[in-house]
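Engineer: The listed protein sequences derive, respectively, from chains A and B. Numbering (the working numbering) for the first sequence: 1 to 264. Numbering (the working numbering) for the second sequence: 1 to 264. Below is the structure I would like to discuss, written out as structure tokens.
Number of protein chains: 2
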Amino acid sequence: MKKLPEQEGGESANTNEGMRKGGMGRVKSIKSVLQDRIRGGIYEMGQRLPSERQLCLEFETSRVTLHEILIQLETEGLIYREERRGWFVSPTRFVYNPQSRGHFTLSATQQGRTPSTVVIDTRIVTAPPRVCALLDIPEGQQLACIRRVRSINGRAILYVEHYFSPDVFPGLFERDLSVSLTELYRDVYGFDYGRMTYQIIPTAVSGDIAGLLRVSSGSPALLVTRVNHARDESVRDCDLEYWRHDAVLIEVDVANSSPLPSDE
Amino acid sequence: MKKLPEQEGGESANTNEGMRKGGMGRVKSIKSVLQDRIRGGIYEMGQRLPSERQLCLEFETSRVTLHEILIQLETEGLIYREERRGWFVSPTRFVYNPQSRGHFTLSATQQGRTPSTVVIDTRIVTAPPRVCALLDIPEGQQLACIRRVRSINGRAILYVEHYFSPDVFPGLFERDLSVSLTELYRDVYGFDYGRMTYQIIPTAVSGDIAGLLRVSSGSPALLVTRVNHARDESVRDCDLEYWRHDAVLIEVDVANSSPLPSDE
DNA sequence: TGGACTTTCTGGACTAGTCCAGCGGCTTGA
DNA sequence: TCAAGCCGCTGGACTAGTCCAGAAAGTCCA
Chain A
1 MKKLPEQEGG ESANTNEGMR KGGMGRVKSI KSVLQDRIRG GIYEMGQRLP SERQLCLEFE
61 TSRVTLHEIL IQLETEGLIY REERRGWFVS PTRFVYNPQS RGHFTLSATQ QGRTPSTVVI
121 DTRIVTAPPR VCALLDIPEG QQLACIRRVR SINGRAILYV EHYFSPDVFP GLFERDLSVS
181 LTELYRDVYG FDYGRMTYQI IPTAVSGDIA GLLRVSSGSP ALLVTRVNHA RDESVRDCDL
241 EYWRHDAVLI EVDVANSSPL PSDE
Chain B
1 MKKLPEQEGG ESANTNEGMR KGGMGRVKSI KSVLQDRIRG GIYEMGQRLP SERQLCLEFE
61 TSRVTLHEIL IQLETEGLIY REERRGWFVS PTRFVYNPQS RGHFTLSATQ QGRTPSTVVI
121 DTRIVTAPPR VCALLDIPEG QQLACIRRVR SINGRAILYV EHYFSPDVFP GLFERDLSVS
181 LTELYRDVYG FDYGRMTYQI IPTAVSGDIA GLLRVSSGSP ALLVTRVNHA RDESVRDCDL
241 EYWRHDAVLI EVDVANSSPL PSDE
């Protein structure tokens, strides 16, 4: 019923009991073969995998099972999919430091990638609950919102919503917003940052965010929220960043760690 | 885009066309009903959901489809499962700051939870490739390894592997290792930390790690790696922390953000 | 040449089942 | 009384299909 060319172990039964009892399970066994192929370079980076139906034939399994395997590999970050186009081997992750502001373009270039940014829209909105909680403002308040999608080598990996009070940066919406907003704030409005707080939350995306990131609804993602304060400690703005879970690696360097508490 | 009350109460299509053409898709529509029930408190925190088969009957769908929905809710962090016991509404996330060392127990207590730690084993191992890369040592070197599982209110949420050079902390394995290791290092060995680097990588767990965290193989997880340096910049030890993706929220406060570069 | 169709191929979204392993409550018997 | 064993219920892991929507490439005609 299955039969991978040489499959670790050798035997491997022609009905599913064989494999089940064998201790490994169909999913795990096929998965490890695919893992080896990807890591071994048989499927090259950026290349499309054989179609689901083709792989079903090769491994003699059903599409549901094979789909499950591909999703697990996607969860691991080894492969990703494009709607109705196929499954592809993931490029190496983009290294991101949430503590350094406004470095997307520079950082991507330093990593040898080609970054690009698209502004989805700019508008005045009623602050969503999550943003109210972050900024510590009452519900129902009106905020300016910039929505952008940032890509690496043509692949969308980040969707950002940027919120701030509409009167803080007058005329901002008329500018070119596909560049570093932090730079604009500093150079045009003379704004300097003080303290920042960020959160990292594993979550799932759906609806338009999923569409913009070209992932299927319900896929895992990494939500990074950042709240910026001015030098006088007042809250100035915040970001909601939805990263493709397979495309990012967060890395932070802490010069001096905080002291130990005396009790624990 | 929402569907909700009248959908589920009312006719909810007894064949799939009804719902498909409706524009929402069966999965999304059922999912949003369940989301509302969880957020609305109809299913209470920590409580078990009705069984998969029962929900299939209620929503007139198949188990594969319903299972897919539950997995998406799990990915969002709303629910979690226990092997062959059922699906449960997730407690609120544990807030974790990777920059503050050795605070698990204290931090959990402050958050009103009951923490516990179990030492899986202690041994001398050949450093795995990932650890070699982190510590910047050649492959094949022997390192001391402590493996622990940490729980909140009886639910395992973190699996940690701790690596260091065997000769740095003599006699450590004979001590009680279910407490803060950082404290031990400081109080017993007079060790003080300098710089630290941490990485956060969305990944998947399988095998024994999945078993110890009581999640099914292939589930998403958050891998947090931390490399500790001594005051003289030499590398001292590192952690590989595998967090249940639905149980943790990383929060960091940065007193002074790094300066902007002049070019971007 | 170039736009409009058609055909083929992809994954997406389902259904309706089967068989299995482990948890837990219930029963039964020493 | 209390352990042993049974059994029903849970999710886990599959199979074998159907139908649909969108991508891509080829075809054909103005």
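For every residue, glycine included, the Cβ atom is placed at its ideal position computed from N, Cα and C.
1) When you compare the segment 43-60 of chain A with the segment 212-231 of chain A, are there three or more beta-carbon pairs, one atom per stretch, that lie closer than 8 angstroms?
2) Quick one, which residues of the segment 181-200 of chain A are near chain B if we go by CB-CB under 8 angstroms, in chain order?
3) Compute the beta-carbon to beta-carbon distance between B:F286 and B:Q35, rounded to the nearest angstrom, for a pair I have assumed lies under 8 angstroms.
4) Going by beta carbon distance, what residues of the same chain come within less than 7 angstroms of B:V235, once the five residues before and after it are set aside?
5) Quick one: which chain A residues come within Cβ less than 8 angstroms of B:P128?
6) Report the neighbours of A:T54 on chain B: residues whose CB is nearer than 9 angstroms to its CB, in chain order.
7) Out of B:I71, B:M24, B:R26, B:R93, point me to the one whose CA is closest to B:R244's CA.
8) Can you tell me whether A:V248 is helix, strand or coil according to DSSP?
9) What are the complete beta strand (DSSP E) segments, minimum 3 residues, inside the segment 119-174 of chain B?
10) Considering just the uninterrupted stretch of the beta strand (DSSP E) at B:I201, what are its terminal residues?
11) Considering only residues of the same chain and omitting the five flanking positions on each side of A:A266, which have a CB-CB separation below 7 angstroms?
12) Hey, how far is the Cα of A:D167 from the Cα of B:P129?
13) Determine contact between the segment 182-190 of chain A and the segment 38-46 of chain B, defined as no fewer than three beta-carbon pairs at a distance below 8 angstroms.
14) Looking at chain A, is there any beta carbon in it that lies within less than 8 angstroms of the beta carbon of B:D253?
15) Quick one: which chain B residues come within Cβ less than 7 angstroms of A:V89?
16) Alpha carbon to alpha carbon, what distance is there between B:K28 and B:G22?
17) Kindly indicate which residue of B:G171, B:A144, B:L249, B:H162 has the alpha-carbon position closest to the one of A:Y198.
18) Spell out the partners DSSP gives B:E241 in its beta bridges.
19) Between which two residues does the beta strand (DSSP E) harbouring B:E233 extend?
20) Along the alpha helix (DSSP H) that carries A:R37, what are the first and last residues, could you check?
21) Closest to A:D237 by C-alpha separation, out of A:M196, A:R123, A:S151, would be which residue?
Structural biologist: With the structure as the only source:
1) Not touching, per the Cβ criterion.
2) Listed in sequence order: T182, E183, R186, Y193, G194, R195, M196, T197, Y198, Q199, I200.
3) For residue 286 of chain B there is no data in the structure shown, the boundaries of chain B being 1 and 264.
4) L135, D136, V227, H229.
5) The CB of B:P128 never comes closer than 8 angstroms to any CB in chain A; the least such distance is about 15 angstroms.
6) The identity of residue 54 of chain A in the sequence shown is Gln, whereas the question assumes Thr. Within chain B, not a single residue places a beta-carbon under 9 angstroms from that of A:Q54; the smallest gap is close to 22 angstroms.
7) Looking at the Cα atoms, B:R93 is the closest of the given residues.
8) Strand.
9) Secondary structure within the segment 119-174 of chain B: the beta strand (DSSP E) runs of 3 or more consecutive residues, fully enclosed, are 142-152, 155-164 (chain order).
10) Where B:I201 is concerned, the enclosing beta strand (DSSP E) stretches over 193-205.
11) Because chain A is modelled from 1 through 264, residue 266 of chain A falls outside the range shown and cannot be assessed.
12) Taking the straight line joining both Cα atoms gives about 52 angstroms.
13) Short answer: they don't touch.
14) Answer yes: the Cβ-Cβ gap between B:D253 and chain A drops below 8 angstroms somewhere.
15) Below the 7 angstroms Cβ cutoff, chain B contributes no neighbours of A:V89, its closest Cβ being approximately 16 angstroms away.
16) Caution applies to B:G22, whose pLDDT of 42 falls short of 50 and renders its modelled position unreliable; the value that the coordinates give is listed next. Whole-angstrom Cα-Cα distance: 11 angstroms.
17) Residue B:L249 is the option with its Cα nearest to A:Y198.
18) Paired residue(s): B:V160, B:V224.
19) According to the DSSP assignment, B:E233 belongs to no beta strand (DSSP E), since it is labelled neither H nor E.
20) 26-39 is the extent of the alpha helix (DSSP H) around A:R37.
21) For A:D237, the nearest C-alpha among the options comes from A:M196.
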